[in-house]
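Residue numbers (the numbering used here), protein chains in the order written: chain A, 17 to 430; chain B, 878 to 1049.
Working notes, structure below.
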Amino acid sequence: MNDLEERLRAALDARAGTYGTAPDAYARTVSRARRTRRRRLALIPVAAAVAAVTAVTVLLNAGGGSGAGIATGAVEEPGPYRRSIAENPPVGEPVTVRDPAENRPVIMWFSGGAAPGGHRFCDLVQQATGGTSSGCSKVPPAGHERENAWRLDPFHSRWPRRPVELGYGAARTSVTRVEAVTGDGARIPGTVHRPGGAPLAVWTVSFPADAGVTRFEFLDGDGRVVQRIRQDAPMPPPELAKPPVGPAADLPGGLTARLYTDPERTVVWWRGGEAVGMNLVEPGHLLTDLGGKETPVDLRLHDGLWYGVARAGTARIALVFRDGTSADAVAVADPWDSGVALFSGTYRRPDPYLEGFQLVGYDAAGAEIWHDTVRAVTPVRPEPAPGASGTSEASGAPEASRPAGSPQPTPSRR
Amino acid sequence: MIDISDIPGVSSGTPPSFAELFAAHHPSMVRLAGLLGADDPEDIAQEAFARLHARRARLRDDGAAVAYVRSIVCNLTRNRLRHLRLARLRRPEPPPDAHSGEHHALVAERHRELLAAVDRLPRRQREAVVLRYWLDLSEREIADAMGVSPGSVKTHTSRGLAALGRALGEES
């Protein structure tokens, strides 16, 4: 080996050592894989025929998961959508609906042509914390050309389960109505959108996760069911494959924290028998962001709850809103010697991420020991602004026009 | 690189789980993506493992699984760089640096010239050089990862080395 080769190895080694890994990389990857698998599963018809589905997903602006609300809260416009359509130019108008669980937009459009690769259904999804992901799937999927509707959303198997689900996908133009059907026969109406210039229709339906929805039914203009798609139960996460370790920690807000150690040390937060969130507390990746930089707190904030893990020695945390009002949470040392403080509290704001906020940590003497600022999130929107778009045939309240915090549709019986 | 047999609790006769494969190889895949010039190496590595998760049952063995992930990292990085180049052509403002200032500060001063020259290599040459001199892969393995013939691996590697030598000579 000559001198140049030796120098090259040393230089590459030196640079390689500067790339850190994300503390929640495994959880994010499993979630991403689950989303891809879910896309496949969602496309398996009731007859259970197996088909391969091409789904290419690109994380455009990581924002969810551990520490995301702190590190990457803001979304730069017009970034995500423009980047997506640069690779997958729209055919017809995009459709934008509100994801009720995140209170953020979901943008859907078709791309490609009838030949040779066929049409693709593309979506851009934003998380409450501001992160976005985008992907496209061939539609109709291979092996499913004779069907009339396909489910293509990424939410089905997301864990922890979202309190309100949003199902969506593409349908033949002959489909005029979509309904989510519960196990006891109750029906929740959805919306069939007809974007101008698009080759297919887009369907959306939102429903409470605990409604017991078992399938979606698609009807034509004569009221005939032309397609059924099964709604499967979410896959259990790998974190829960083995029992928790050590004692449980009961905290305010009705939350209980349990430690799971396989595949990695993870705090799972439970409320009313349901897992609501998790924090990775793996040694070596404790309270570090994507770049390996230390962060003082790993926050989860949703549905009136804020909780998570903070730097050891934290005794109290204040959640300070933009108008100066605040909520407090007591922090306690974790009972598993993971080197973090656990905290939880409640808040009464419609959507703190939209306005931005600050977290301030105090020690037992009341002195500030850290603070972290979460920038305001800007919801994504399609650009250029849609002009004359197509029509929507709502079987019930349209998701697109439902304001944040408004009641979700309730099942009705026919 | 970490070999699967190095993972605690995994014997040679026990196929490692996805979690074990991830634990053993995720850091090196992040670094590979970074060395190939990815602007978000973590994202590239996660996507590569997510694809492995979806296809694992079809792969013949775990060595194939690692090779598969490596090739996906190369492909995704290539596509990402191509996308960034297009984006830069369409946008008047300068693109963000591929690496942060902190990153550069962490790399020893004596490597700076050489790494800058690596960054300027044509894509194929850079891939071949990184796979050969950082991962110590064989020509066959490099060919599999790059999706080219072993003969062209030799060509890309030698041309890359020559270009680096010229660059250093000119700068010194």
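Glycine included, each C-beta is placed from N, C-alpha and C at the ideal position.
Fair warning: this is a prediction, and the values are worked out from it, not measured in the lab.
| query | result |
| --- | --- |
| Neighbour flag for Y1050/B against chain A, beta carbons, 8 angstroms | Any question about residue 1050/B goes unanswered here, given that chain B covers just 878 to 1049. |
| S47/A, buried or exposed, once every other Cβ within 10 Å from all chains shown has been counted against 16 | buried |
| Unbroken stretches of the beta strand (DSSP E), 3 residues or longer, contained in the region 125-191 of chain A | 135-142, 148-154, 165-167 and 180-187 |
| Contact list for Y42/A against chain B, beta-carbon separation under 8 angstroms | A896, F899, A900 and H903 |
| 6 angstroms CB neighbourhood of R25/A in its chain, flanking five on each side removed | none |
| Burial state of K258/A, where buried means 16 or more other Cβ atoms lie within 10 Å | exposed |
| Cutoff 8 angstroms: T45/A Cβ touching any chain B Cβ | yes |
| Alpha-carbon spacing of A67/A relative to Q142/A, whole angstroms | Confidence in A67/A is poor, its pLDDT being 25 and thus under 50, which makes the residue's placement too unreliable to answer from. |
| Length at least 4, wholly inside the region 20-52 of chain A: the alpha helix (DSSP H) runs in chain order | none |
| Short Cβ contact (8 angstroms threshold) for F126/A with V107/A | yes |
| Y276/A, enclosing beta strand (DSSP E) - first and last residue | L271 to Y276 |
| Identified DSSP bridge partners for T362/A | L321/A |
| Nearest-angstrom Cα separation, counted from A1022/B out to P999/B | 17 angstroms |
| Outcome for D350/A when other beta-carbon atoms lying within 10 angstroms are tallied against a minimum of 16 | buried |
| Nearest-angstrom Cβ-Cβ length linking S360/A and L267/A, presumed shorter than 8 angstroms | 4 angstroms |
| Beta-carbon proximity of L358/A to A392/A, cut-off 8 angstroms | no |
| Distance CB(Y323/A)-CB(W286/A) smaller than 8 angstroms | no |
| Residues near H318/A by beta carbon distance below 6 angstroms, same chain, minus five either side | none |
| Beta-carbon proximity list for A117/A, same chain, < 6 angstroms, skipping 5 on both sides | R178 and V180 |
| Bridge partner(s) assigned by DSSP for V376/A | A334/A and H387/A |
| C-alpha gap between R1036/B and R1001/B, whole angstroms | 10 angstroms |
| Sub-8 angstroms separation of V907/B and E897/B beta-carbons | no |
| Cα-Cα separation, T247/A to F373/A | Note that residue 247/A is Gln in the sequence shown here, rather than Thr. Each residue's alpha carbon lies about 37 angstroms from the other. |
| Backbone secondary structure at T220/A - three-state DSSP | strand |
| Bridge partners - F926/B, DSSP secondary structure assignment | None; F926/B has no bridge partner. |
| Residue interval of the beta strand (DSSP E) (run including R210/A) | T207 to R210 |
| Chain-ordered chain A contacts of V907/B [CB-CB under 7 angstroms] | Y35 and T37 |
| Residue-level contact to chain B via CB, E21/A, 8 angstroms cutoff | yes |
| Span of the alpha helix (DSSP H) around G1062/B | Here chain B covers residues 878 to 1049 and nothing more, so residue 1062/B does not appear. |
| Outcome for V943/B when other beta-carbon atoms lying within 10 angstroms are tallied against a minimum of 16 | buried |
| Proximal residues of chain B, C-beta to C-beta of D248/A below 9 angstroms | Chain B residues near D248/A: none, gap ~17 angstroms exceeds 9 angstroms. |
| Buried/exposed call for P11/A, threshold 16 Cβ in 10 Å | An answer regarding residue 11/A cannot be provided, because it is not within the stretch 17 to 430 covered by chain A. |
| Neighbouring residues, chain A, relative to H1033/B (Cβ below 8 angstroms) | Correct list: empty, because the minimum Cβ distance to chain A is about 14 angstroms. |
| Start and end residues, alpha helix (DSSP H) containing G95/A | G95 to E103 |
| CA-to-CA distance, A38/A to T311/A, given in whole angstroms | 12 angstroms |
| Three-state class that DSSP yields for V122/A in the structure shown | strand |
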